[in-house]
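All remarks here apply to the structure that follows.
There are 2 protein chains.
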Amino acid sequence: MAAKSEQTRQLVADVALKMFREIGFEKTTMRAIAQEAGVSVGNAYYYFASKDELVQELYIQVQDEHAVTAAQALEGVQDLAGRLKAVLHTGVDVMAPYHQFGSDFIATAIRPSSPVNPFGEASTAAREASLAIFRSAVEGSSPAVAKKLRGDLPELLWLAYMGVALFWVYDKSESQRRTRKLIDGAAPLVARGLSLAKIPGVSKVFDDVLGLVRSVKEDSE
Amino acid sequence: MAAKSEQTRQLVADVALKMFREIGFEKTTMRAIAQEAGVSVGNAYYYFASKDELVQELYIQVQDEHAVTAAQALEGVQDLAGRLKAVLHTGVDVMAPYHQFGSDFIATAIRPSSPVNPFGEASTAAREASLAIFRSAVEGSSPAVAKKLRGDLPELLWLAYMGVALFWVYDKSESQRRTRKLIDGAAPLVARGLSLAKIPGVSKVFDDVLGLVRSVKEDSE
DNA sequence: GGAATGTTTTGAACGTGTTCAAGAATGAGT
DNA sequence: ACTCATTCTTGAACACGTTCAAAACATTCC
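Top line first, the protein sequences correspond to chains A and B. Here the first sequence is numbered in this note's numbering, starting from 1 and rising by one per residue. Here the second sequence is numbered in this note's numbering, starting from 1001 and rising by one per residue.
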C-alpha cells in the first residue's frame, strides 16, 4: 500500500514545518530534519528534491488556510474597504507564526527558479487560489466596483498583497502593528480612489493605466 | 604604505565583478575568485567578510554610474514625464550587464540582514545617492510638481523604481524590452496622475495617501 | 516458494561559503 | 640592527545542501 510511503513524506514535512516555526529557516538543516524525523538525509531528499520544496509545502499550507479564514471573514461584509481589510488581515494572520522566518522565505521565493516563486509555474495552483480570494472580495462587494475595473482589479490587488507581504517581512514592530495600520489605512483609500473613476478627468487616466497593464502583460505571452 | 593592501582589495573586487558578469553569481565561487586573483581564499575573506559584501561592491559601483548617467540624461529635459523616463531608463542601462545575475542579486538584497538590502543600514549611502537622483528629477521639473507632494514624491518614486528593478529581473524579453515599455508608459501616467491633485475631490484622497505614508513611516522610528 | 521488478532507505562523498590558528611580512621605536 | 606590535596571508577544517551507488524492502507474476 501507498500509505507507508505517504506517512514518511508527511512525517518529514511536519517535522520540517515545525522546526521552521520554532527555530527558523537556517537553523533547520536537512540533517536536523532527518534526525528529528528518524530517517536518513537521503530519504528526506527522496520525497523533497530540495529544501525549497519543503518551503513550498509550507506555502501551500498557508495559502489553504488563508482561503478558509478569508472566506469566513468576508461573510456579511458588504463594502469594498471592509472586504479588502478582511482578506488582508486574515492573510497576515496565517503568516504570523512564520514571521521570523519571513525574510528567508522571501529570499527563496523571489528567485525565479524557485518552486515557491509566486509568479512562477510551480505555484500556479497556490496563486490561482489566492487570486480567487481577491476576485471574490471584489465581486461580492456592494456598492459594486465599476465594470471596467472589475476584470483587472483582483490581479492588481493580489499584486498589492504581495507588496503588503513584503512590508510585513520588514515590519519589526511588535505583532507587526505597522502592517495592520497600513492595511487599515490603505483599504479605505483604495476603495475611495476607485470611486474616483467616475470623475471625467480621472476616468481617462484610469483607462490608460489599465491599458498599460494589459499591454505589458500581453507582451509576455 | 596602505597602497599594497588597497591593491589586493581592488584586485579581488575587480576579479569578482568580472566573474559575476561573465559566468554569473553561483558559478563565481570564492575559491574561483581567489584562484583567478592569485590569492588564498582566506585572504579574500580578509577584505570581504562574505560573498554578499562583494555584491555590495557591485551595487555601489552601479549606483555611482547611475548618478552620473542620470544627471547627463536630465540635462535640458523639463517635463516630469521626460525626467522620470530619463532616470528610469539610465537606471536600467547601468544594470543591463548584470541581468542574468539579477535574480541572485535580488535574492541576496531582499534579506534584511544583507549589506546590500536597499532599505538597510549598510547601504544608506547608496540609497541616499539614489534618492538624490529622484529628488533632482522632481525639483528640476517644470511645470513644477504641487508643493504638498514635493516632499514625499522622491521617496515614493524611488520605491517605484525598486518595483521597476524587480520587474526588470523577471523580464525575459530580449534586451528587456518590456521593462522599457513599462517605463515609457508609466512615466507620463504618473505625471498626469499627479496633475489630478488639483481637482477638489481627488485632492482629499491625495492628502490621505500622504497622511498614511507619513504615519506608517513615523511609526518605525 | 522464488525470481524479477519496482519502491524506499541508507550513508558516504562532493563542492560550497565561511572560520580560524598559525605563520609571514611590514613598520615603528630605540 | 633588533625588538615588538600590527597588518597580511595561508590552507586546513567545519557545517551546510545536495547527489548517488548500493542495499533493503515490497510487490507482482509464474
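By construction, the Cβ of each residue, glycine as well, lies at the ideal position given by its N, Cα and C atoms.
Member of the options whose CA lies at the smallest distance from the CA of residue i
i: B:L1088; options: B:L1212, B:S1130 and B:I1033; result: B:S1130
i: A:F167; options: A:S136, A:V216, A:L157 and A:L182; result: A:L182
i: B:V1094; options: B:P1115, B:L1058, B:L1074 and B:V1116; result: B:L1058
i: A:G38; options: A:E65, A:Q7 and A:E26; result: A:Q7
i: A:R83; options: A:V202, A:A191 and A:G201; result: A:A191
i: B:D1079; options: B:S1203, B:S1142, B:D1014 and B:A1186; result: B:S1142
i: A:A67; options: A:G24, A:A125, A:R180 and A:G193; result: A:A125
i: A:S195; options: B:G1201, B:V1041, B:N1043 and B:A1197; result: B:G1201
i: B:D1152; options: B:G1102, B:P1115 and B:L1212; result: B:L1212
i: B:R1178; options: A:S215, A:G140, A:I23 and A:Q100; result: A:S215
i: B:E1036; options: B:D1014, B:Q1056, B:A1049 and B:S1050; result: B:D1014
i: A:S114; options: A:S50, A:S5, A:V205 and A:T29; result: A:S50
i: A:R127; options: A:L210, A:V209 and A:I60; result: A:I60
i: A:D208; options: B:G1185, B:M1162 and B:E1065; result: B:G1185
i: A:W158; options: A:E218, A:Q63 and A:K27; result: A:Q63
i: B:F1206; options: B:E1218, B:A1146, B:K1217 and B:G1091; result: B:A1146
i: B:G1091; options: B:R1180, B:E1218, B:S1203 and B:L1210; result: B:R1180
i: B:G1076; options: B:S1005, B:G1140, B:L1189 and B:N1117; result: B:G1140
7 Å Cβ cut-off: residues of chain B touching residue i
i: A:A111; result: Note that residue 111 of chain A is Arg in the sequence shown here, rather than Ala. Those are S1103 and A1107, listed as they occur along chain B.
i: A:A186; result: L1212
Residue-chain proximity (residue i, chain B), Cβ-Cβ < 8 Å
i: A:D79; result: no
i: A:D153; result: In the sequence as displayed, the identity of residue 153 of chain A is Leu instead of Asp. Closer than 8 Å: no.
i: A:V205; result: yes
i: A:L157; result: no
i: A:D52; result: no
i: A:D64; result: no
i: A:L189; result: yes
i: A:Q7; result: no
Where residue i meets chain B, residues with beta-carbon distance less than 8 Å
i: A:K181; result: S1215, V1216 and D1219
Closer than 8 Å to chain A by CB, residue i
i: B:D1014; result: no
i: B:G1193; result: yes
i: B:F1025; result: no
i: B:V1116; result: no
i: B:V1039; result: no
i: B:M1001; result: Confidence in B:M1001 is poor, its pLDDT being 45 and thus under 50, which makes the residue's placement too unreliable to answer from.
Residue i vs residue j beta-carbon contact at 8 Å
i: B:Y1170; j: A:F134; result: no
i: A:V138; j: A:P154; result: yes
i: B:I1110; j: A:I199; result: no
i: A:R21; j: A:P97; result: yes
i: B:L1054; j: B:A1016; result: yes
i: A:Q9; j: A:Y47; result: Gln is not the amino acid found at residue 9 of chain A; the sequence shown has Arg there. Their beta carbons are under 8 Å apart, which means A:R9 touches A:Y47 by this criterion.
i: B:A1197; j: B:L1149; result: yes
i: B:A1187; j: B:A1081; result: yes
i: B:Q1100; j: B:G1024; result: yes
i: A:S175; j: A:L74; result: no
Residues that residue i contacts on chain A, provided the C-beta gap is smaller than 8 Å
i: B:G1201; result: L196 and I199
Under 9 Å from the C-beta of residue i: neighbouring residues of chain B
i: A:F119; result: Y1170
i: A:L58; result: By Cβ distance, chain B contributes nothing, its closest Cβ being about 18 Å from A:L58, past 9 Å.
Exposure of residue i, with buried meaning 16 or more beta-carbon neighbours within 10 Å
i: A:K85; result: buried
i: B:D1104; result: buried
i: B:D1052; result: buried
i: A:S123; result: buried
i: A:S173; result: exposed
i: A:Q56; result: buried
i: B:M1001; result: At B:M1001, the pLDDT of 45 sits below 50, so the modelled position is not reliable; the number obtained from the coordinates is stated separately. Label assigned to B:M1001: exposed.
i: A:G42; result: exposed
i: B:A1144; result: exposed
i: B:G1102; result: buried
Closer than 7 Å at the beta carbon, the chain A residues around residue i
i: B:V1092; result: The contacting residues do not exist; B:V1092 stays about 14 Å from chain A at best.
i: B:V1209; result: L189
Beta-carbon neighbours of residue i, restricted to chain A and to distances below 9 Å
i: B:V1164; result: Near B:V1164 there are no residues of chain A at all, since even the closest Cβ is about 11 Å away, more than 9 Å.
beta-carbon residue i near the ligand COA non-hydrogen atom, thresh 7 Å
i: A:A160; result: Ligands displayed in this structure: none; no statement on the ligand COA is therefore possible.
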